[in-house]
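So the protein lines, in turn, are chains A and B.
First residue of the first sequence? That's 10 in the numbering used here, and the numbers climb one at a time after it.
First residue of the second sequence? That's 10 in the numbering used here, and the numbers climb one at a time after it.
Heads up, the beta-carbon is just placed ideally off N, CA and C, and yes, glycines get one too.
Read through the structure below, which is laid out as structure tokens, and then see the notes.
2 protein chains.
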Amino acid sequence: MPACANGAPGGIATCVQAAESAMRGAMTAQVINLRSRETQPSLAPMLALTAAGMNSVNSVILDRMQSEIPLIPALAGHLISGGGKRMRPMLTVAAAELCGYQGTRHHKLAAAVEFIHTATLLHDDVVDGSDLRRGKAAANIVFGNPATVLVGDFLFTRAFELMVEDGSLRVLKILSKASSIIAEGEVDQLTAQRKIETSEEHYLQIIGSKTAALFAAATRIAAVVAEKSEAEEQALDAYGRNLGIAFQLVDDAIDYDSEAAESGKDKGDDFREGKMTLPVILAYARGTEEERKFWQEAIAGFRTEDEDLAHAVELINRHKCVEATRERARHFAQRAIDSIAGFPSGEARNAMAEAVEFAVARRY
Amino acid sequence: MPACANGAPGGIATCVQAAESAMRGAMTAQVINLRSRETQPSLAPMLALTAAGMNSVNSVILDRMQSEIPLIPALAGHLISGGGKRMRPMLTVAAAELCGYQGTRHHKLAAAVEFIHTATLLHDDVVDGSDLRRGKAAANIVFGNPATVLVGDFLFTRAFELMVEDGSLRVLKILSKASSIIAEGEVDQLTAQRKIETSEEHYLQIIGSKTAALFAAATRIAAVVAEKSEAEEQALDAYGRNLGIAFQLVDDAIDYDSEAAESGKDKGDDFREGKMTLPVILAYARGTEEERKFWQEAIAGFRTEDEDLAHAVELINRHKCVEATRERARHFAQRAIDSIAGFPSGEARNAMAEAVEFAVARRY
Chain A
10 MPACANGAPG GIATCVQAAE SAMRGAMTAQ VINLRSRETQ PSLAPMLALT AAGMNSVNSV
70 ILDRMQSEIP LIPALAGHLI SGGGKRMRPM LTVAAAELCG YQGTRHHKLA AAVEFIHTAT
130 LLHDDVVDGS DLRRGKAAAN IVFGNPATVL VGDFLFTRAF ELMVEDGSLR VLKILSKASS
190 IIAEGEVDQL TAQRKIETSE EHYLQIIGSK TAALFAAATR IAAVVAEKSE AEEQALDAYG
250 RNLGIAFQLV DDAIDYDSEA AESGKDKGDD FREGKMTLPV ILAYARGTEE ERKFWQEAIA
310 GFRTEDEDLA HAVELINRHK CVEATRERAR HFAQRAIDSI AGFPSGEARN AMAEAVEFAV
370 ARRY
Chain B
10 MPACANGAPG GIATCVQAAE SAMRGAMTAQ VINLRSRETQ PSLAPMLALT AAGMNSVNSV
70 ILDRMQSEIP LIPALAGHLI SGGGKRMRPM LTVAAAELCG YQGTRHHKLA AAVEFIHTAT
130 LLHDDVVDGS DLRRGKAAAN IVFGNPATVL VGDFLFTRAF ELMVEDGSLR VLKILSKASS
190 IIAEGEVDQL TAQRKIETSE EHYLQIIGSK TAALFAAATR IAAVVAEKSE AEEQALDAYG
250 RNLGIAFQLV DDAIDYDSEA AESGKDKGDD FREGKMTLPV ILAYARGTEE ERKFWQEAIA
310 GFRTEDEDLA HAVELINRHK CVEATRERAR HFAQRAIDSI AGFPSGEARN AMAEAVEFAV
370 ARRY
């Protein structure tokens, strides 16, 4: 929509609304390409595929979060043992299976990926002033901001130590670049916070950096250790990147989904923090003048009561923005699935495809 | 003093006092080994030695702190352009001169070292809730804690990108290990905060990690790029490490030195934050029962008024703890100077020796 890019605010909104409407048709058409199934998609095949590998990865994680400074394993363990899904290292292990890789180098690298992720979660919790993470008190609440910042730093340095031990400059390049992009994305998100004029394009750029870059790196490095071709590296990068975007979109949808189960974090956190996520961006674009006034006030931080959150959820429902966000997620999910079509069919590819379907179908 | 290590508190103190007294004699003897000179030691030879190299390093720093997210260069620039001495990259450049290195690889690596340092300063300011840094408002005061944490992360990732671009796994190992040790040291210091029982041994371990590890890495990597022997690497590591300890000791002394000029940070910050630095450790060890009671209350955070700080400075003066801390610093300074005795004499070695003398003689 380049013609919209420099229009006046009203012009952009109208233009976006028209484009949205057109897109909804297109997206619905795409969604039927997602494998139709009689049962709900499940993570079980992915868990089975990666069980042995994840045992080794978990050993590395537990071993390398140790330190003679007792606060470090205590704080790191609070989060690492705290019910995380270890989705990113699991993707590295799965992608290694897809590549037919027989070695063990990816175990350390998958642990490094999880450490980078854990470091960003710890810093996120400080940045957002979170109360809950994975359904329990966030590390910053239990251990305070200073320790949480510093242990995040520690895990980040440990991640680099693990990569350096592996010794592949190509892997180091992929993961240091991804880390840099994540940090940029986090700052970008902070800048967009409480800015109602944030566009869907800008939002996609933010989640492409802060979430999808690490997913992409996690799967791509498996192709590197398996010494696969550049095309296969690119394919696994695309798989991880599109899955990461889809995953984040669904996460953002769930925060406003009145039918979704409780998530690990506080329901309505995004709303109270004035985070511009896609459900809000769409509700604002599709809203009446009066509704837009509400959103302007809410995102600016002047409407933080429970009744305001309830009204926000109502507006988002009225314009079907949770469902629209999920439709967008299915678009990227489909791209993720299609990106690995060139790999041999079999257990690994099926599990990776079904994991994508699971990521977008989940209600929690 | 192994006989003291497991004694009762009173026993330790007496033992330490005796040892201190014996040590003061020994230290004075060592101090005369520091080059005697008619003029005060100066940084001028070091600045002259590294001027050309630092021009290149500064270009890399300015170039690589850029980002499309405007907040990143704004915040990073606040600190980086804010009067920092760039001591660590300067040491890399000087050490490269000492090794007779003719290439330019160390410019990027020196910039990486400065980025790691800057990242830790940004996070330190958040951790300490600092008001001032280098004589002006700290980044966390101007930009807030969230942005300061995230831009610190960004600079840290940029440091790794620079190292990966250089491509030396040996350098990557040295700097990732140093970064991990720094993070551990920061957590260790946080754990020791407000703990009056922190020993001199523990304090030396903390500053060895949080300060000296990066000095050691900064000088050591010059030997790596210059393809010098393991012995020369070790020598430059020892130079940086001992200088780093000496430098931190003098910094800690200045915070209680009634005769020192104003430093860039708030005078008495260490006191109010309950940081256990050597002047306090010594004043506590050498103090009467009544004085110890004061220190226990002060370090626990119950004495934070200006008159309390004045009393603390008076007690530290009474037991000559600033001077004792400076004597300890001179010990490590001497070791730094002696460690590079095996390198050819000349401009580089002289400048590096005088820089060490300057570091311990300075009053600001």
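So, for ASP162 of chain A: in the same chain, excluding its five sequence neighbours on each side, which residues have a beta-carbon less than 8 Å away from its beta-carbon?
Against the first sequence, residue 162 of chain A aligns to sequence position 153. Only ALA128 meet the Cβ criterion.
For the structure I just gave you, are there three or more beta carbon pairs, one from the region 247-264 of chain B and one from the region 330-339 of chain B, closer than 8 Å?
yes
Span of the alpha helix (DSSP H), counted from its first residue to its last, around HIS320 of chain B:
Locating residue 320 of chain B in the second sequence gives position 311, counting from the first residue. First-last of the alpha helix (DSSP H) with HIS320 of chain B: 315-327.
ASP134 of chain A and ALA146 of chain A - do their beta-carbons sit closer together than 8 Å?
Looking up residue 146 of chain A in the first sequence gives position 137. Looking up residue 134 of chain A in the first sequence gives position 125. Cβ distance not < 8 Å, so ALA146 of chain A and ASP134 of chain A don't count as in contact.
Classify LYS284 of chain B as helix, strand or coil using the three-state DSSP reduction.
To locate residue 284 of chain B, count along the second sequence from 1; it is residue 275. In the structure shown, LYS284 of chain B sits in coil (DSSP, three-state: anything other than H, G, I, E or B).
If I follow the unbroken alpha helix (DSSP H) through PRO50 of chain A, where does it start and stop?
Translated into positions along the first sequence, residue 50 of chain A becomes position 41. Element bounds for PRO50 of chain A: n/a, residue is neither H nor E.
Suppose you measure from the CA of LYS219 of chain B to the CA of ARG114 of chain A; what does that come to, to the nearest Å?
For the purposes of this step, residue 219 of chain B is taken as residue 210 along the second sequence, with counting starting at 1. For the purposes of this step, residue 114 of chain A is taken as residue 105 along the first sequence, with counting starting at 1. Approximately 31 Å between the Cα atoms of the pair.
Taking all protein chains shown into account, do 16 or more other C-beta atoms lie within 10 angstroms of the C-beta of PRO353 of chain B, making it buried, or fewer, making it exposed?
As a first step, residue 353 of chain B must be located in the second sequence, where it is residue number 344. Exposed: under 16 other Cβ atoms inside 10 Å.
For TYR248 of chain A, the first and last residue of its enclosing alpha helix (DSSP H)
On the first sequence, residue 248 of chain A is found 239 positions in, with the first residue counted as 1. Counting along the chain, the alpha helix (DSSP H) containing TYR248 of chain A begins and ends at 239-263.
Assigned secondary structure, LYS182 of chain A (DSSP; H/G/I helix, E/B strand, else coil)
As a first step, residue 182 of chain A must be located in the first sequence, where it is residue number 173. Three-state result, LYS182 of chain A: helix.
Just mark GLY253 of chain A as buried or exposed, buried being the case when its beta carbon has 16 or more other beta carbons within 10 Å.
Taking the first sequence and counting its residues from 1, the one referred to as residue 253 of chain A is at position 244. It is buried - the Cβ of GLY253 of chain A has at least 16 other Cβ atoms within 10 Å.
Within a Cβ cutoff of 7 Å, which residues of the same chain sit near ILE322 of chain A, ignoring the five residues on either side of it in sequence?
Your numbering for residue 322 of chain A matches position 313 in the first sequence. The residue asked about is misnamed: residue 322 of chain A is Val in this sequence, not Ile. Here the set comprises TYR265 and SER267.
Taking Cβ positions only, does ALA232 of chain B come closer than 8 Å to chain A?
As a working note, residue 232 of chain B is residue 223 in the second sequence. No, ALA232 of chain B lies away from the interface with chain A (no Cβ there is under 8 Å from its Cβ).
Which partner residues of LYS145 of chain A appear in the DSSP bridge assignment?
Counting from one through the first sequence, the residue named residue 145 of chain A turns up at place 136. Partner(s): A:ARG142.
Could you have a look at GLN198 of chain A and say whether DSSP puts it in helix, strand or coil?
By 1-based counting over the first sequence, the position of residue 198 of chain A is 189. GLN198 of chain A falls in the helix class under three-state DSSP.
Per-residue burial, SER189 of chain B [other beta carbons within 10 Å of its own, 16 or more giving buried]
Counting from one through the second sequence, the residue named residue 189 of chain B turns up at place 180. Per the 10 Å Cβ criterion, buried.
Output needed in chain order: residues of the region 178-210 of chain B with a Cβ under 8 Å from some Cβ in chain A.
LEU178, LEU181, LYS182, SER185, LYS186, SER188, SER189, ILE191, ALA192, GLU193, GLU195, VAL196, ASP197, LEU199 and THR200
Could you please give the first and the last residue of the uninterrupted alpha helix (DSSP H) stretch that includes PHE163 of chain B?
Here the question's residue 163 of chain B lines up with position 154 in the second sequence. From DSSP, the alpha helix (DSSP H) with PHE163 of chain B extends over 154-175.
Who are the neighbours of SER76 of chain A on chain B, taking C-beta pairs under 8 Å?
Position 67 of the first sequence, counting from 1, holds the residue named residue 76 of chain A. Within chain B, the residues near SER76 of chain A are GLU193 and VAL196.
Per DSSP, what kind of secondary structure is GLN75 of chain A in: helix, strand or coil?
Sequence index remark: in the first sequence, residue 75 of chain A carries index 66 (1-based). Coil at GLN75 of chain A, not helix or strand.
For LEU58 of chain A and LEU159 of chain B, which I take to be in contact (beta-carbon distance under 8 Å), what is that distance rounded to the nearest angstrom?
The sequence position of residue 58 of chain A within the first sequence is 49, counting from 1. The sequence position of residue 159 of chain B within the second sequence is 150, counting from 1. Incorrect: roughly 35 Å between the Cβ atoms, too far for contact.
Is it buried or exposed, GLY4 of chain B, if we count other Cβ atoms within 10 angstroms and call 16 or more buried?
An answer regarding residue 4 of chain B cannot be provided, because it is not within the stretch 10 to 373 covered by chain B.
Please classify ASN251 of chain B: is it buried, with 16 or more other beta-carbons within 10 angstroms of its beta-carbon, or exposed?
In the second sequence, counting from the first residue as 1, residue 251 of chain B sits at position 242. It is buried - the Cβ of ASN251 of chain B has at least 16 other Cβ atoms within 10 Å.
If the cut is a Cβ gap below 9 Å, which residues of chain B does GLU170 of chain A touch?
What you label residue 170 of chain A is simply residue 161 of the first sequence in a count that begins at 1. What GLU170 of chain A touches in chain B: LYS182, SER185, LYS186, SER188 and SER189.
Could you check whether the Cβ of ALA156 of chain B sits closer than 8 Å to any Cβ belonging to chain A?
To locate residue 156 of chain B, count along the second sequence from 1; it is residue 147. Output row for ALA156 of chain B: interface = yes.
Expressed to the nearest angstrom, what Euclidean distance is found between the alpha-carbon atoms of SER65 of chain A and THR166 of chain B?
Along the first sequence, one-based indexing puts residue 65 of chain A at 56. Along the second sequence, one-based indexing puts residue 166 of chain B at 157. Those two C-alpha atoms are separated by around 27 Å.
Residues in the region 126-140 of chain B having any Cβ partner in chain A nearer than 7 Å
HIS132, VAL135 and VAL136
Could you give the distance in angstroms between the alpha-carbon of HIS211 of chain A and the alpha-carbon of VAL173 of chain B?
Start at 1 with the first residue of the first sequence, and residue 211 of chain A comes out as number 202. Start at 1 with the first residue of the second sequence, and residue 173 of chain B comes out as number 164. Taking the straight line joining both Cα atoms gives about 29 Å.
Separation of GLU209 of chain A from ALA35 of chain A, as counted between CA atoms
Against the first sequence, residue 35 of chain A aligns to sequence position 26. Against the first sequence, residue 209 of chain A aligns to sequence position 200. Per-residue confidence for ALA35 of chain A stands at a pLDDT of 38, beneath the threshold of 50, marking its modelled position as unreliable; the derived number appears in the next sentence. Cα-Cα distance, rounded: 17 Å.
Just to make sure I have the definition right: I need the residues of chain A whose C-beta is within less than 8 Å of the C-beta of ARG97 of chain B. Which are they?
Here residue 97 of chain B refers to the residue found at position 88 when the second sequence is read from its first residue. Going along chain A, no residue has its Cβ under 8 Å from ARG97 of chain B, so there is no contact; the nearest lies around 17 Å.
Report yes or no: do three or more beta-carbon pairs, one from the region 282-290 of chain B and one from the region 302-310 of chain B, lie closer than 8 Å?
yes
Between ALA105 of chain B and MET55 of chain B, is the Cβ-Cβ spacing less than 8 Å?
Taking the second sequence and counting its residues from 1, the one referred to as residue 105 of chain B is at position 96. Taking the second sequence and counting its residues from 1, the one referred to as residue 55 of chain B is at position 46. Against a cut-off of 8 Å, the Cβ pair of MET55 of chain B and ALA105 of chain B comes out as no contact.
Nearest candidate by alpha-carbon position, reference LEU178 of chain B, set B:ALA156, B:GLU206, B:LYS204 and B:VAL234
Along the second sequence, read from residue 1 onward, the residue named residue 178 of chain B stands at position 169. Looking at the Cα atoms, B:VAL234 is the closest of the given residues.
Is the CB-CB distance between PHE367 of chain A and SER51 of chain A below 8 Å?
As a first step, residue 367 of chain A is located in the first sequence; it is residue number 358 there, counting from the start. As a first step, residue 51 of chain A is located in the first sequence; it is residue number 42 there, counting from the start. Yes, the Cβ-Cβ distance between PHE367 of chain A and SER51 of chain A is below 8 Å.
So is LYS94 of chain B buried or exposed if we call it buried at 16+ other beta carbons inside 10 Å?
Taking the first residue of the second sequence as 1, we reach residue 94 of chain B at position 85. Exposed: under 16 other Cβ atoms inside 10 Å.
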